[in-house]
Amino acid sequence: NDRKLPRACVPGLVDAETRLREAECRDALEALRQGLRTRSAGHQFVVRNVTGQNPTTRAEGVQRKVQVGVQLSKLRYRWARNALLRLRGHGDWEHELRVLEERDVRGMNERMLTAEEEAERERLRRVGMMDEMIAGPETENAVDAQGENQRQLSWIWYSYPDAIDTDAIKIEWCKARARKLRWEEEVDILLEEMRRVIVFRRWKAEWWRGRIGLRTEDDPEFSQGQAAFALSQA
-3 NDRKLPRACV
7 PGLVDAETRL
17 REAECRDALE
27 ALRQGLRTRS
37 AGHQFVVRNV
47 TGQNPTTRAE
57 GVQRKVQVGV
67 QLSKLRYRWA
77 RNALLRLRGH
87 GDWEHELRVL
97 EERDVRGMNE
107 RMLTAEEEAE
117 RERLRRVGMM
127 DEMIAGPETE
137 NAVDAQGENQ
147 RQLSWIWYSY
157 PDAIDTDAIK
167 IEWCKARARK
177 LRWEEEVDIL
187 LEEMRRVIVF
197 RRWKAEWWRG
207 RIGLRTEDDP
217 EFSQGQAAFA
227 LSQA
């Protein structure tokens, strides 16, 4: 209650707390982005370079520590944002510091799991074959992804990105544009293949019709059989 604030707090304390919580939100987002970058780079390094049981076990330990940091940054942002919401109330600042959902905590090269993939991951969790602290919730690294046609960047990468993130976003934009141009090319090729198939079939049908009567036989039934076969092929 604004009327009770002067009696409960010293002057300027609410403004100072508000600025503190806003800065904490930004710091938590930056720590979260850094953790996600580390997680993605570590995953790619493990996939490309780590083999054998002992190296893989050590790599999983490192990945687990990184994932713990990601989880702590996520919780820290949520706590700071809830405090900021109670202090400041709803407003335009929520367009920048949004509610952080589980699906938002993913790197630039990670996408959301499909329903089938999430069901399979849930099955592996139940039987104890999925380590949540290593894999991360509800995301799939692009190295393992089957396709990227539905992948979108999380909003956390657009919230005051630094120079590194700006360059990374530009790279992601170039990759998305390249995928778009490739898909358009594939559509054009598919349409051209469909057109050629129709043209070829029509030509082949005329070719079979042209075979009728080329061979002269004394037996009329044989000639009729040849004509019937050519027409059936046409």
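Counting with our numbering, you get residues -3 to 230 for the letters of the sequence shown.
Ideal Cβ placement from N, Cα and C applies to all residues, glycine included.
Coarse secondary structure for Lys61, derived from DSSP in three states: helix
Reference Trp153, options Gln40, Arg22, Ala79 and Glu182, closest by Cα: Residue Arg22 holds the alpha-carbon nearest to the alpha-carbon of Trp153 among Gln40, Arg22, Ala79 and Glu182.
Pick from Leu32, Gln222 and Leu149 that is closest to Ser69, judged by C-alpha positions: Leu32
Touch test, the stretch 42 to 56 against the stretch 80 to 97, Cβ-Cβ under 8 Å, three pairs minimum: no
In chain order, each alpha helix (DSSP H) run of at least 4 residues that lies wholly inside the stretch 47 to 109: If we require 4 residues or more, the alpha helix (DSSP H) runs fully inside the stretch 47 to 109 come out as 49 to 84.
Integer-rounded CB distance, given that Ala172 should sit under 8 Å from Met104: Actually they are not in contact, since the Cβ atoms of Met104 and Ala172 sit about 11 Å apart, beyond 8 Å.
Between the CA atoms of Leu177 and Val62 - distance to the nearest angstrom: 36 Å
Collapsed DSSP secondary structure at Asp215 in the structure displayed: coil
Cβ separation of Trp204 and Ala226, assumed to be a contact under 8 Å, to the nearest whole Å: 5 Å
Pair within 9 Å by beta-carbon distance, Ser150 and Arg99: yes
Val10 - DSSP class collapsed to helix/strand/coil: Of the three classes helix, strand and coil, the one that applies to Val10 here is helix, per DSSP.
Counted within 10 angstroms of its Cβ, other Cβ atoms place Ser36 as buried (16 or more) or exposed: buried
Rounded straight-line distance, which links the Cα of Val193 to that of Val64: Looking at the backbone, the Cα of Val64 and that of Val193 are separated by about 56 Å.
For Ala224, three-class secondary structure by DSSP: helix
Buried/exposed call for Ala24, threshold 16 Cβ in 10 Å: buried
CB-CB length for Glu13 against Leu83, believed under 8 Å: Taking a contact as a CB-CB distance under 8 Å, the pair Glu13 and Leu83 counts as one, their CB atoms being some 6 Å apart.
C-beta contact flag for Leu28 and Val66 at 9 Å: yes
Beta-carbon separation (whole angstroms), Arg17 vs Ala79, contact threshold 8 Å: In this structure, Arg17 and Ala79 form a Cβ contact; the two beta carbons are roughly 5 Å apart against a cut-off of 8 Å.
Backbone CA spacing between Lys200 and Arg122 [nearest angstrom]: If I take the Cα positions, the gap works out to 58 Å.
Straight-line Cα distance separating Glu202 from Ile208: 10 Å
Beta-carbon gap between Arg72 and Glu20 smaller than 9 Å: yes
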